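**Q** The listed protein sequences correspond, in order, to chains E and G.
Just add 241 to wherever you are in the first sequence, counting from 1, and you've got the numbering used here.
Just add 83 to wherever you are in the second sequence, counting from 1, and you've got the numbering used here.
Quick reminder that beta carbons are idealized off the backbone N, C-alpha and C, glycines included.
Since this is a predicted model, take the numbers as computed values, not measurements.
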Amino acid sequence: MKFPYAYNFISFRCKSLIPNILLYLEFAKKSFQQSLQYRIANYSGFAVNTFFFVVRAFVFMALYENRDIVAGYNVTEAITFTGITQAMIMIIGLFGNTEIANAVKSGEVAVDLMKPINYQLVMLSRQFGRSLYYFIFRGMPIFLVMAIFFSWTPPKSWIILIPFFFSLILAIITTFSFNFIVGVSAFWLLDTRGISNFFIGSGLLLSGFIVPVSFFPSGFDKICEWLPFIGQSYTPVAIYLGKYADMTMLIMLLRQLFWAIILMFIGKTFMHFAMRKLVIQGG
Amino acid sequence: MFYLKIYFNLVSAVLRSQMQYKASFIMQVIGQFIVTFTDFIAIMFIFGKFQDIKGWTLWEVGLLYGMTSVSFAVAEMSARGFDMFNRMIRLGDFDRVLLRPIGVFVQLMSADFDIRKLGRITQGLLVLIISWNMLEIGTNPLKIAFLILALLSGIIFYMAILIAGATICFWSIESTELPNMFTYGGVEATSYPISIYRRWFRNTLIFDIPLAFVNFFPALYILDKPDPFGFPYWIRFLFPLASITLMILTIRFWNFGVNHYQSTGS
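Put into structure tokens, the structure is as follows:
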């Protein structure tokens, strides 16, 4: 069974944009509510993320002993960097998402594709639902632990939070796009764990998640600023810490936006080819 | 002997099944290698900007990192059955295990053998060997034997943690990532000398979850470093005792759990 309908849905979507936004909001809401179910899992995840934050903060505190500023960061900024990145892990979904790959493996994806909706946007809406959940129930608590028990850097002005949140949303879309491409590759690969690990690994390092990009060897940091990975986590944190002057910040945001669009487009193209290939046996 | 034979038979069956999808298998090994390699590259970047961490150089930290990674990766590879245990309980598959005429423990040890972790092991070994060379420790057979023993103790130690984590599933079937705090978190924490931590955190790693015994103290011996806390010299040799004691306690806890098992009934 093939799915020629999928292309018609796109025009369907354009004709009635407003009801569709409501529809996608509904998907986001559903995934938010779904996340609420796993309360104990969230407590333990919070404990693990916080543990990692504490270890990394201690490492930076030891490294900064007898040192003032290294690579443009002082010790409280390094701690704040660690706190925000740990708080962001689940918000942006840095450890990948097996939802799509599992749906392909089990064949469930066929049912989703039959619905008159854009599969990629549905998945993105679901991600936003999860992101909101993790922002409230995972990110904020970790941030509070940092603020209460460690010396940290508050934002220099509250206005900076506007570009920060804008950048955070782009980070969610960028990481989602990577996860989406990995998920859709299940149509060809069947088992996506290998390629998923590859993207998680590069995501952790090249995105400046483990250490700030300015700690990278000179030259390499410049290359990384052009790669899409930096938009996954470093750009929002650097904006929060005021590491970019106004013009640079604008450029970094535009780069992030550029990569988010490109990656979404690649995901869409992948999906397009997957639909051609998709054959559902039995039923 | 009988159990050993069964163990090898079952494990080889698991391995054959994992090798069925060759491309996927190779990609997973490489994926594991890369995802863990980024860890150490990050440490190298840090040491590019900072020269030392409380007097420990990059390659001294590399030794700690390599020891703890290899130990954990081997433990995770061979005790994978315990890692997947909550699913077994939830689906009621554990009832079947109890019905078979072989020990529960052997069955779980051989339930899964995650050969993909070879990527992680290779990476850890690589860091360990490079660090060993950079530190010019040489081929002192005593130190090599000491290292191998320390690694074995580390493997037993991490296995005990994995088994203890699985045992909790007898009481709570909701899968949680809490054991990750002690495994992945333990690896992260012991990748650095424990002397960098605040007192309460350091004491946790020495007295509560005594990971320092299989990692930090043996490393002090290999590196001929003075003990920063003034512990007696023989504490560096306590690691086999620490890991075996922990393993015995864990097995007792496990048996206690098995005896209190109530099926989910599905």
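Check each candidate in E:R371, E:I507, E:L468 and name the one with the smallest Cα separation from L495 (chain E).
**A** One-based indexing of the first sequence puts residue 495 (chain E) at position 254. Ranking the options by Cα distance to L495 (chain E), first place goes to E:L468.
**Q** Mark P245 (chain E) as exposed unless 16 or more other C-beta atoms lie within 10 angstroms of its C-beta, in which case mark it buried.
**A** For this step, residue 245 (chain E) is matched to residue 4 along the first sequence. Low per-residue confidence applies at P245 (chain E): pLDDT is 46, beneath 50, and the placement is therefore not dependable enough to give any value.
**Q** To be precise: take each residue of the segment 414-438 of chain E, compare its Cβ to all Cβ atoms of chain G, and keep it if any distance is under 8 Å. Which residues remain?
**A** Against chain G - using a Cβ distance shorter than 8 Å - the residues of the segment 414-438 of chain E are L430, L431, D432, R434, G435, I436, S437, N438.
**Q** Do the CB positions of N343 (chain E) and Q115 (chain G) come within less than 8 Å of each other?
**A** Residue numbering aside, residue 343 (chain E) sits at position 102 when the first sequence is read from its first letter. Residue numbering aside, residue 115 (chain G) sits at position 32 when the second sequence is read from its first letter. Not closer than 8 Å, so no.
**Q** Whole angstroms is fine: what's the gap from P309 (chain G)'s alpha carbon to A302 (chain G)'s?
**A** Within the second sequence, the letter at position 226 stands for residue 309 (chain G). Within the second sequence, the letter at position 219 stands for residue 302 (chain G). Near 11 Å, if we compare the C-alpha coordinates of A302 (chain G) and P309 (chain G).
**Q** Starting from the C-beta of W139 (chain G), find all residues in its chain whose C-beta is less than 6 Å away, skip the five residues before and the five after it, and write them out in chain order.
**A** Residue 139 (chain G) sits at position 56 when you count from the first residue of the second sequence. Counting only Cβ-Cβ distances below 6 Å, and skipping sequence neighbours, we find P276.
**Q** Does I172 (chain G) have its Cβ less than 8 Å from a Cβ in chain E?
**A** As a working mapping, residue 172 (chain G) is identified with position 89 in the second sequence. No, I172 (chain G) lies away from the interface with chain E (no Cβ there is under 8 Å from its Cβ).
**Q** Any beta-carbon of chain E closer than 8 Å to the one on Q101 (chain G)?
**A** The sequence position of residue 101 (chain G) within the second sequence is 18, counting from 1. Not closer than 8 Å to any Cβ of chain E, the Cβ of Q101 (chain G) fails to qualify, so no.
**Q** Going by the CB atoms, is the gap between L294 (chain G) and T273 (chain G) shorter than 8 Å?
**A** Taking the first residue of the second sequence as 1, we reach residue 273 (chain G) at position 190. Taking the first residue of the second sequence as 1, we reach residue 294 (chain G) at position 211. In contact: T273 (chain G) and L294 (chain G) (Cβ atoms closer than 8 Å).
**Q** Less than 8 Å between the CB atoms is what I'm expecting for S474 (chain E) and M329 (chain E), so what's the real figure, rounded?
**A** To locate residue 474 (chain E), count along the first sequence from 1; it is residue 233. To locate residue 329 (chain E), count along the first sequence from 1; it is residue 88. Yes, S474 (chain E) and M329 (chain E) are in contact; Cβ-Cβ is about 6 Å, under 8 Å.
**Q** Given that a residue counts as buried once 16 or more other Cβ atoms are within 10 Å of its Cβ, and exposed if not, what is W337 (chain G)?
**A** Start at 1 with the first residue of the second sequence, and residue 337 (chain G) comes out as number 254. Buried.
**Q** In terms of alpha-carbon separation, which member of E:K484, E:V289, E:S392, E:F292 lies closest to S398 (chain E)?
**A** Start at 1 with the first residue of the first sequence, and residue 398 (chain E) comes out as number 157. When only C-alpha atoms are compared, the closest one is E:K484.
**Q** Report the rounded CA-to-CA distance for L519 (chain E) versus F406 (chain E), giving the unit in angstroms.
**A** Sequence index remark: in the first sequence, residue 519 (chain E) carries index 278 (1-based). Sequence index remark: in the first sequence, residue 406 (chain E) carries index 165 (1-based). Those two C-alpha atoms are separated by around 38 Å.
**Q** Touching or not, the segment 149-167 of chain G and the segment 229-244 of chain G, by the rule of three or more beta carbon pairs under 8 Å?
**A** Touching, yes.
**Q** Please classify V363 (chain E): does DSSP put it in a helix, a strand, or coil?
**A** By 1-based counting over the first sequence, the position of residue 363 (chain E) is 122. DSSP places V363 (chain E) in helix when its eight states are reduced to three.
**Q** Whole-angstrom Cβ separation of G149 (chain G) and L211 (chain G), contact assumed at under 8 Å?
**A** Working through the second sequence from its first residue, we reach residue 149 (chain G) at position 66. Working through the second sequence from its first residue, we reach residue 211 (chain G) at position 128. Contact holds; Cβ gap of about 3 Å.
**Q** Extract the residue ranges of the alpha helix (DSSP H) inside the segment 208-257 of chain G, only unbroken runs of 4 or more that lie entirely within it.
**A** The segment 208-257 of chain G contains these whole alpha helix (DSSP H) runs: 224-250.
**Q** Whole-angstrom Cβ separation of R371 (chain E) and F287 (chain E), contact assumed at under 8 Å?
**A** Indexing the first sequence from 1 puts residue 371 (chain E) at position 130. Indexing the first sequence from 1 puts residue 287 (chain E) at position 46. The pair is not a contact, with the Cβ atoms about 15 Å apart (cut-off 8 Å).
**Q** Which class does V311 (chain E) belong to by DSSP, given the choice of helix, strand or coil?
**A** To locate residue 311 (chain E), count along the first sequence from 1; it is residue 70. In this structure, V311 (chain E) counts as strand in the three-state DSSP scheme.
**Q** Are there three or more Cβ pairs, one per stretch, closer than 8 Å when the segment 317-324 of chain E is compared with the segment 288-301 of chain E?
**A** At 8 Å Cβ cutoff, the stretches touch.
**Q** Tell me whether the beta-carbon of G472 (chain E) lies closer than 8 Å to the beta-carbon of T121 (chain G).
**A** What you label residue 472 (chain E) is simply residue 231 of the first sequence in a count that begins at 1. What you label residue 121 (chain G) is simply residue 38 of the second sequence in a count that begins at 1. Contact flag unset, no.
**Q** Distance, Cα to Cα, I347 (chain E) vs W429 (chain E)?
**A** Here residue 347 (chain E) refers to the residue found at position 106 when the first sequence is read from its first residue. Here residue 429 (chain E) refers to the residue found at position 188 when the first sequence is read from its first residue. Residue identity differs from the one stated: residue 347 (chain E) is Ser in this sequence, not Ile. Roughly 14 Å separates the two Cα atoms.
**Q** Name the chain G residues that come within less than 7 Å of L445 (chain E), Cβ to Cβ?
**A** Taking the first sequence and counting its residues from 1, one reaches residue 445 (chain E) at position 204. Neighbours of L445 (chain E) on chain G, chain order: T121.
**Q** Are the beta-carbon atoms of F165 (chain G) and L141 (chain G) separated by less than 8 Å?
**A** Position 82 of the second sequence, counting from 1, holds the residue named residue 165 (chain G). Position 58 of the second sequence, counting from 1, holds the residue named residue 141 (chain G). Cβ distance not < 8 Å, so F165 (chain G) and L141 (chain G) don't count as in contact.
**Q** Just to confirm the assignment, what range does the alpha helix (DSSP H) spanning G472 (chain E) have?
**A** Looking up residue 472 (chain E) in the first sequence gives position 231. Segment 471-481, the alpha helix (DSSP H) holding G472 (chain E).
**Q** If you measure from the beta carbon of S474 (chain E) to each beta carbon in chain G, is any gap under 8 Å?
**A** Locating residue 474 (chain E) in the first sequence gives position 233, counting from the first residue. S474 (chain E) does not count as touching chain G.
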